[in-house]
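Beneath this line is the structure, given in structure tokens, with notes to follow.
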Amino acid sequence: MVCRVTYRYKKTMEGDLVSDQLLQVLVEGFDPEKLEEERKDWQEVIAAYQNKTILQADLIGIESKLGEPCGVVQVGNIRGYIPLEHSGCEKLSDLRNLIGTKVAMMVLNYDRENDVFTASRKDALERMAEITWSRLKEGQVVIAVVRNVMEKILVVDIGGISVRIPASEIDYAWIDDLRDEFKIGDHLKVRVMEVDKENQKVTLSAKALKPNPYPDCTKRYVKGGEYAGKVTGVEDYGVFVNLEPGVDALVPHMRFERLRKGDRVILRVYDVNAKKERIYGKIVRKL
């Protein structure tokens, strides 16, 4: 395969200046498609810089540059760096949580000679948030991307806006630990419940898009009846027993037996309250 290789010559000690020369040589394993891919990658980066548009790329790691931690992104074969101060993250641990996920960014500058560019995720999020706020309305259904997961709180992003969703607004069923259900980068549909543009606050609910098991489920459970269930959570104040998708009963602890999440039990129903959407009962025994 014949390829073109550029040799650059600097000024010699004698002051002779040799201009760049283009030499045709034979190179084993040369792949012209790789050069074309790199050219297209640079076109994408430079176009984003010139037009101040937003790029998205995978955050593949963290490296220290000039004494500052930087997120490392990859656009094709070109490596870019997002300094912590431009990452939109308050702490290094927050940036670390984004490794392996796709992030938005705006190119700040580039160095084609060294095949590198720097970018700002913070600027991209601000631009996206500005657009989102202008379009956001109550009742809309949007796609949210999980950015952090805590035991009872899900932190999601909707178009550059960070929103915290409590476990109670994820599902009708009791969720013991959201970390068992979600991971960073997951996508979920949510309904916009409330928008306060003045204070820049948004309330979201994934539960609002799911069918409410009440009051229909009350037909399947009668006072005095005994039913098989699964322990979905053990708290100081009681035990959560799941009877069917979205239906959990909060019951007292057993007197002589300690239950764990995942245990199968028999639940005796004392009362079914459709208005409060609650089933009251007692665990008869462990299966």
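Be aware that the sequence shown starts at 796, since it is given in this note's numbering, and climbs by one per residue. Beta carbons are placed, not taken as given, at the ideal position from N, Cα and C, and that holds for glycine. These numbers come from a predicted model, not from an experiment.
Where the beta strand (DSSP E) containing residue i begins and where it ends
| i | result |
| --- | --- |
| Lys992 | Where Lys992 is concerned, there is no enclosing beta strand (DSSP E), given that its DSSP letter is neither H nor E. |
| Thr1027 | 1021-1030 |
| Pro1040 | Segment: none, Pro1040 is in no beta strand (DSSP E) and carries neither H nor E. |
| Ala899 | 897-906 |
| Asn943 | 936-944 |
| Asn1068 | 1059-1068 |
| Ser957 | 956-961 |
| Glu863 | 863-870 |
| Pro878 | 873-878 |
| Ile849 | No beta strand (DSSP E) contains Ile849, which DSSP labels as neither H nor E. |
| Lys1081 | 1073-1081 |
Start and end residues, alpha helix (DSSP H) containing residue i
| i | result |
| --- | --- |
| Ile926 | 916-930 |
| Asp889 | 887-891 |
Euclidean distance between Cα positions of residue i and residue j
| i | j | result |
| --- | --- | --- |
| Leu817 | Asp981 | Interpretation of Leu817 is limited by its pLDDT of 48, a score under 50 that renders its predicted location unreliable; no figure is taken from the coordinates. |
| Ser814 | Ala919 | Note on Ser814: pLDDT 48, under 50, position unreliable in the model; no value is reported. |
| Gly789 | Gln869 | With the chain represented from 796 up to 1082, any question about residue 789 goes unanswered, as that position is not in the structure. |
| Gly1076 | Thr848 | 58 angstroms |
| Pro961 | Lys860 | 37 angstroms |
| Trp928 | Asp1031 | 41 angstroms |
| Arg974 | Val902 | 33 angstroms |
| Asp952 | Arg930 | 15 angstroms |
| Val898 | Leu850 | 8 angstroms |
| Val940 | Lys947 | 17 angstroms |
| Val911 | Pro1008 | 54 angstroms |
| Gln845 | Glu839 | 10 angstroms |
Contacts around residue i, its chain only, beta-carbon distance under 8 angstroms, and the 5 residues preceding and following it disregarded
| i | result |
| --- | --- |
| Ile857 | Pro864, Cys865, Gly866, Val867, Leu887, Leu890, Arg891, Ile894 |
| Ile926 | Gly954, Gly955 |
| Ile855 | Val867, Val868, Gln869, Ile894, Gly895 |
Supposed contact pair residue j and residue i - C-beta distance, whole angstroms, cut 8 angstroms
| i | j | result |
| --- | --- | --- |
| Glu832 | Asn872 | 7 angstroms |
| Ala1023 | Arg1059 | 7 angstroms |
| Val958 | Leu999 | 5 angstroms |
| Arg1055 | Val1079 | At roughly 17 angstroms, the Cβ-Cβ gap does not stay under 8 angstroms, so Arg1055 and Val1079 are not in contact. |
| Ile758 | Tyr905 | The structure shown does not extend to residue 758, since the chain is modelled only from 796 through 1082, so no value can be given for it. |
| Lys1070 | Glu1052 | Wrong, their Cβ atoms sit about 32 angstroms apart, outside the cutoff. |
| Val1064 | Gly1033 | Contact doesn't hold; Cβ gap of about 15 angstroms is too wide. |
Cutoff 6 angstroms; reference residue i; Cβ partners in own chain excluding five residues on either side
| i | result |
| --- | --- |
| Lys1014 | none |
| Met923 | Gly954, Gly955 |
Close beta carbons around residue i, own chain, < 7 angstroms, minus the five adjacent residues each side
| i | result |
| --- | --- |
| Asp1066 | Lys1018, Tyr1075 |
| Glu976 | Ile970 |
If you pair each beta-carbon of the segment 962-982 with each one of the segment 1042-1052, do three or more pairs fall below 8 angstroms? yes
Are the segment 910-928 and the segment 880-888 touching, with three or more C-beta to C-beta distances below 8 angstroms? yes
Within 8 angstroms, do at least three Cβ pairs link the segment 973-988 to the segment 927-941? yes
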